[in-house]
Amino acid sequence: MGNNGSKNGHGQDKGELVIENVTRVFRLPGAPSCTALQECSLTVERGKLTVLVGPSGCGKSTLANIAAGYDHPDSGRVLIDGRPVTGSGRDRIMVFQETALWPWMTVLKNATFGPTMLGEMSRSDAEDKAMVLLEKVGLKDFKDKYPAQLSGGMQRRAELCRALVMNPKVMILDEPFRGLDVMTRELMQEYLLKLFQQTGLTMLFITSEIEEALFLADRIMVMTNLPGTVKTTVETDLPRPRDYQVLATERYRQIKSQVMESLYEEGAKIFQRLDGIQDLLGNCQASSQP
Amino acid sequence: MARAATITGAPLSLRVRNFVFSGQFVRGSLAVLGFFVIWQAGSMGLLPFMHAIPTPITVAQAFWEFMHTAKYWQSWLDSTLRVMYGFVAAQLLGIPLGLGMGWNRNFKDFSYPLFELMRPIPPLAWVPVSILFWPTNEISIAFITFIGAFFTIVVNVLGGVSAIPRQLVNAAVSFGASPKQVFWRIVLPATIPSIVTGMMVGIGITWNVVIAAEMIAGNTGLGRLTWEAYLASHTPGIIVGMISIGLAGYVSSMAVKMIGDWLMPWKKIF
Amino acid sequence: MSKMSASNLKLLQPSPPQDGLACRATDGALSIKTVGKIYDPEGVHVEALRDCSLEIAAGEFVAIVGPSGCGKSTLLNIIAGFDNLTSGEILLDGCPLATTNTSPSPGPERVVVFQQGALFPWKTVIENVTYGPVVQGVMSRAEAIQRAREMLSRVGLKDIESSYPGQLSSGMQRRVEIIRALINNPKVLLLDEPFRAMDTVTKSASHQYLLELYSATGKTIFFITHDLEEAIFLADKVMVMTTRPGYIKKTLAVKLPRPRQYAMLAAPEFIAMKADLVGAVHEEAVKAFEAGEREMA
Amino acid sequence: MNPYFVLGLLVAAILAVGAWQQKKKAALYELSWGVQIFKTLTGRHFLLQLAGFAVFIAFWQLTVKTFSLPWFNRLPGPWECLMEWLSPDPAYGISIYTEDYYKHILFSTYRATTAFLLATLLGVPLGLLMGWSRKFYQYSFPLVELIRPIPPLAWVPLAILVLPGDEPAVIFVTFLVAFFVTTLNTLLGVESIDESYFRAARCLGADKQRLLLDVVLPGAMPFIFTGLQISMGAAWFSLVAGEMIAAQFGLGFLIWDSYSLIQYPVIIIGMITLGIIGWASSAVVRSIGRKLMAWRERELYGSGQSG
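These protein sequence lines map, in sequence, to chains A, B, C and D.
FYI, the numbering for the first sequence is 1241 to 1530, going by my numbering.
FYI, the numbering for the second sequence is 453 to 722, going by my numbering.
FYI, the numbering for the third sequence is 301 to 597, going by my numbering.
FYI, the numbering for the fourth sequence is 2 to 308, going by my numbering.
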C-alpha cells in the first residue's frame, strides 16, 4: 500500500464500489418486519464523489453500514474493484454522523492510531503524514488537544483526517455534517472538497440536504422511501471549484429542481403516512416548471 | 460560549475578591456560623435533645488532647490500612470481573445471576461469616470492606462497558484492529470513567463499612475509638471520633478524585 | 395550505384582546432601539450586542440571520424577557417592553418557541397546549381543551392529544409547540431556530405549517435562523446580523408573493436574493469561525 | 409438614413464574408457548445461568462438607441451612415455621420503612427547595457538605446517647444515610432540568410557585427515583449495622446474636432473608417510579414511530 496515495491525483489504489441487488430486512420481536433495502443497486465510480440523498429513515444509513461492512445484506453483495467483500475492512473507511473520535486520545493520536496499530508505519512517519493532513484542514495547532476541547466542526475535520491517513480505497460519509449549523457546515463542505480534490478518493456521501448534495456532488442519487432503492440519478456537471457564485447559474437551478421534485415526492409519501399532508407534492410538481 | 471564555480569562485576585464578596460566600459562612451557634445553644440546654452534647469548645479541647496520644494516630493508621486493603482488593478483582462480564456474553450469563443474588445482602451481614472463615480479625474486617466496594465497582464497570458508543468500536474495527487490540486500546480506556465513578462511590462505602465493622468486631481503629469513648461515656471523644472519621473519608475521596484525574487527562480540561 | 377551507382558518384567528393590560395592543409592532448588551460576569466583558436597532411592523415576518454566537439569541432573550439589556430600549406598540431600568420578565404576549424544543416531556400534548391559558386563568380547563383540540386538528394533529411529546416526531413536536404558543394569543411570536437539526423534508413540511399559521393569525413573527434559504422562503424581511458585537448589517425585503410555494426555491428572483445575501453572511460566518478557532486555541 | 415438600412447592412456584414469563415472550416472538419454553430451557443463556448456580452450590458443598477444607469447615453447608430454614422443628429456633423469624423480619422492615419514608418526606422537599431557590442553596449546601463526609454509622454512639432509647437511634442512623442520598439526588435532578423548560413555563405565564409544581418536581422525578432506589439500598445497609450494634430485634441482630450463640446456619438464613427483602424493596420503589413516570416509559418504547 503506497503511502503517497494522498498526494497523487489519480493513483491506481482508488477503488470502485459496487452495490449489487442488496436487500436487507429487519425483523424485530413484536413488530412487523421492515424492509429497509429492496434490490438496491448502485455504482460509486472510481475517483468520483457520489451523493446519496433521501428522506430520513429511508434506509440510507443501512446502505452505508452494509457498504462499510458493519451490517450484512440478506441478499446481494458489495464489490470493491470487482472483488466481493464481506465484513469491515480498512479499504472502506466510514465517517459517522455522531463523532467517533476516541475521547481519550489527542487529535494526533487519533489520526495515527490506525497505521501505528497495524504496524505499517513507524510512529514518526505516521505523525508526519497526519500532520500534512491536519495542516490542510487548519488543525495543525490543535494536534495535542483532546476531542472534547474542539468545536463540532473541528471534530469533523479531525475525523476526516483520521480516515484519510488510512489511505482507504473508498470513503463512506454518513451525514457527517449533520447537527452543525448551516454556516459551519458550508465551511466544512469546502474543506471536504479541498481534500477530495487533492486525494481524488472515491467517496460515497450520504445526506438529506439538497443544498449540500448540489454543492459537493459529481453525481446525485435520490433514494426512495422504505423499502429503499435508487430512484433517480442526476449528473451534477457543475464546474469545480464551486463557490456560491454557482448558485446563480441556470444549470444549478435545473439540477436543483430535478432533485427537489424527486426528493419531495418521496417526502410527501412519508408525510401522507405520518401527518396527512397532501399539498407538498402539488408544490413540488409546480417547481419542475420554471 | 461567551461565559466560558470570560471565566478563565479573569485574573485570580479579581476572582478571589469577587468570590469573597459574593452572596454565595457570605451566605455559606453565615450558615456554618449558624450551625455552630445552634450547637452551642443546644449544648447549653436551650434546645431539646441536645443537652447531652458537649459544646464546640469542649470538643476542640478534647480534639487537642487526642492529638497528643499515640493511640489516636494508631487508630488512623489501622482504619486507613483496612480501607486500603479492602478497596484495592475490590478493584483488583472487580474491574476484571466487570470487564469480563461486559466483554463476554457467556461469562456474563454464567456469573451475573449469581452476582445479582448476592448483591442485595448488606455488607455488614457478612460480618459473622467473615469472622468465622478468616483466621484473623484483621483479615475479616478487610474482607467485609472488600465486599462493600466490590459490588459497586463491578456494577459500574459492567455498565460502562455496555454503554460504550457503538461507533467507537466500529471505527477501530474498520481500521483493521484485532479483537485483542479493540479490548486493550478501545474498551479499556472507554471504561475508565465508569471505573473512576465506581471508585468514588466505593471509597465512601468502604469507610462506612470499616467504621461499623470496627464498632462491632474490631479492637482498634477510628470506629473502635469512637465506640470506646461511648462505652466510657466520654461524649467529647465520640464527637472527636466522628469528626476524624469524616476527615478521613473526605481525604480519601479527594485522593480517589486525584487518581481519577490522573487516569483521565482528557476529562480534566474543563 | 391553499386547499384548507376558509372556515377552518377562522378558528386560528386571534380572539379579542384581553382587558386589563397596561398597554392595549392590537397589533404587535416591535421597535428595538440602539440595544446594547454586555456580559460581565467575572470582570472580563463580552459585548454581545452594540447599537442594535431594528423595526418590525405589526404582523410582519422578520428573519434574522447570522453565524452562531453572533448575538441573535441574546437579542431574542432580551425581547422575551429572559435577560436584561445594558443600553437602549425595546418598545412593543410604543410601550416600553425592556429598558435599562426594568427588570426582565417574560410574559404570554411574546411567547418563545425554542431551538431544541421545550414541550414539557412529562405532560401530554393536550396538557402542554392548554398549560398557558389555564395557568394565566384566562380560560377554564374545558374551554382551553376545546380550543386546543380545534387548533391542533387544523395542523393535522388530531389523534395525538394524549401522547407524550417523546412519542412524536420532531416535526410534530415543533407544530405542537407553535400551537402552544399561539393559543395564548401573543402579540409577537419569537422563534429561536425552531427547525434546526431537521432533515430537508421534515423542515419543508414544517415551513408549510408555519406559513399557514402565519397567514391565518397575522401575528408578528421574529424568526432566528442561520439558514438563508429558510429565511428568504419564510420572511417578509431578512436581516443579517454581524458577529459579536452584533448589529444589523443588511436588510433585504423579500418581494415574493404569498402564499409561498416550493417552486419559488428554484425561481430566478429567489436565487438572486440568495446570492445577494450569501456574500454578506458568508463574510460574517468566516469571521465568526476564525474568532471561534482562535478562542479555542 | 415435610421440608422436602415445602422445597418442592418452592421450586414449583419458581418454575411456574418462569413459565408464565415465557408465555409473554412466546407472544412476542410469535411462537407457541411450549416451543418457547423448550427453546429457553435448551438455550445457552439458561443453561449457563443454571451452570453458574450449580457451580456455586457445588463449590460450597464440596469445600465445606465433602472435603471439609480448613477454614471452610467452620461454615455451615448449603443443605444444612436449607433444611434448617424449611424445618417445622428447627434445631436453633428459626425457620419459616417459627414466629420469631417473622418477628425479626417485621422489626427490620418497620425500621427500614420508617427511616426511608422519613428520609423521602424530608429529603425530596429539601432537595427541590435547594435546586429551586438560589439563596436557599447557598445557605444549606455548605452545611450538607459539612456533615455529609461523616459516615452515618459513626453517628450510632452519639445517637444512642442523645436520643431516648436504642430504637430511635437505629432508625435515626438509617434515616440519615437515606436522607443524604435522597436530598443530593433530588438536587442533582433539579440541576439537570434544561433551562428552556423554565423559560417556556415563564413565557406561558407561570409564577414561581407554579414553576416548582409544574417544572421542578416532574423534571427532577427521574433523578429522584434513582436516588430513592439507592437510598433504599443504603437504608438496609446501615440498618443492619445499627441493629448489630444497638438493637434487640431485627435481622441484623439475629445474625450477630446467632454468631454469639454458635447457631451458624441461622446466620446464613438471616443473610439470605436480608438479600430477598432488600431486593424486593428496591423492586417496589422501581415499580412506583415507573407508574409515576409513564411519560418516560412511553418515550422509551414509543421512539420507534418517530420519523
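Heads up, the beta-carbon is just placed ideally off N, CA and C, and yes, glycines get one too.
Since the structure is predicted, the reported quantities are computational estimates derived from the model, not experimental observations.
Not a single C-beta of chain B is nearer than 9 Å to the C-beta of residue 1504 of chain A. Under DSSP, the beta-bridge partners assigned to residue 398 of chain C are C/390. For the pair residue 276 of chain D and residue 234 of chain D, the CB atoms are not nearer than the 9 Å cut-off. The straight-line gap separating the alpha-carbon atoms of residue 426 of chain C and residue 475 of chain C is approximately 13 Å. Ranked by how close their Cα comes to the Cα of residue 538 of chain C, the residues C/489, C/521 and C/428 have C/521 in first place. Per DSSP, the unbroken beta strand (DSSP E) holding residue 339 of chain C starts and ends at 330–339. Using beta-carbon distances, residue 494 of chain C does not count as an interface residue toward chain D, since no partner is under 9 Å. Around residue 1422 of chain A, the beta-carbon contacts reaching into chain C at under 7 Å are 526 and 527.
Taking C-beta separations shorter than 8 Å and ignoring five residues to either side along the sequence, the partners of residue 217 of chain D in its chain run 129, 132, 133, 191 and 194, following chain order. Secondary structure of residue 1414 of chain A (DSSP, three-state): strand. Residue 1352 of chain A and residue 525 of chain B have their alpha carbons spaced roughly 51 Å apart. Between residue 1345 of chain A and residue 718 of chain B, the gap from beta carbon to beta carbon is short of 9 Å. Contacts with chain B at 9 Å (Cβ-Cβ) do not include residue 1446 of chain A. Remark: fewer than three beta-carbon pairs, one from each stretch, lie closer than 8 Å, so the segment 632–650 of chain B and the segment 526–541 of chain B are not flagged as touching. Contact annotation: in the segment 571–583 of chain B, residues whose CB is within less than 9 Å of a CB in chain D are 571, 572, 573, 574, 575, 576, 577, 578, 579, 580, 581 and 583.
Under the three-state reduction of DSSP output, residue 206 of chain D falls in the coil class, being neither helix nor strand. Taken atom to atom, the span from the alpha-carbon of residue 459 of chain C to that of residue 1310 of chain A is near 38 Å. By the CB criterion at 9 Å, residue 335 of chain C and residue 353 of chain C fall inside the cutoff. Remark: three or more beta-carbon pairs, one from each stretch, lie closer than 8 Å, so the segment 225–241 of chain D and the segment 278–293 of chain D are flagged as touching.
Between residue 491 of chain C and residue 524 of chain C, the gap from beta carbon to beta carbon is short of 9 Å. Contact between residue 639 of chain B and residue 613 of chain B holds: their C-beta atoms lie close to 6 Å from each other, under 8 Å.
Beyond the five residues adjoining it in sequence on each side, residue 141 of chain D comes within less than 6 Å, by CB distance, of 131 in the same chain, given in chain order.
The segment 1293–1310 of chain A and the segment 1444–1453 of chain A touch, with no fewer than 3 CB-CB distances between them shorter than 8 Å. A direct Cα-to-Cα measurement between residue 555 of chain C and residue 549 of chain C gives close to 19 Å.
Scanning the segment 24–49 of chain D from its first residue to its last, the whole alpha helix (DSSP H) runs of 4-plus residues come out as 34–43. Residue-level contact check: residue 424 of chain C touches chain D, since one or more beta carbons of chain D fall below 9 Å from its beta carbon. The beta carbon of residue 681 of chain B is closer than 7 Å to those of 689, 690 and 693 in its chain, skipping five residues each way along the sequence.
Within the same chain, 537 come within 6 Å of residue 553 of chain C by CB-CB distance, once the 5 residues on both sides are set aside. When CB distances to chain D are screened at a threshold of 9 Å, the residues of the segment 450–469 of chain C falling below it are 463, 464, 465, 466, 467, 468 and 469, in chain order. Cβ-Cβ separation between residue 1263 of chain A and residue 1313 of chain A: approximately 6 Å, consistent with a contact (criterion under 8 Å). Along the segment 1356–1384 of chain A, going in chain order, the ones with a CB nearer than 7 Å to a CB of chain B are 1357 and 1358. Exclusion of the five residues before and after residue 449 of chain C leaves 426 and 461 as the residues of its chain whose Cβ lies within less than 8 Å of its Cβ. Burial state of residue 1437 of chain A is exposed, judged by a 10 Å Cβ sphere holding fewer than 16 other Cβ atoms.
The continuous beta strand (DSSP E) containing residue 1261 of chain A extends over residues 1257–1266. Closer than 9 Å to the CB of residue 373 of chain C there is not a single CB belonging to chain A. The three-state secondary structure of residue 1401 of chain A, taken from DSSP, is helix.
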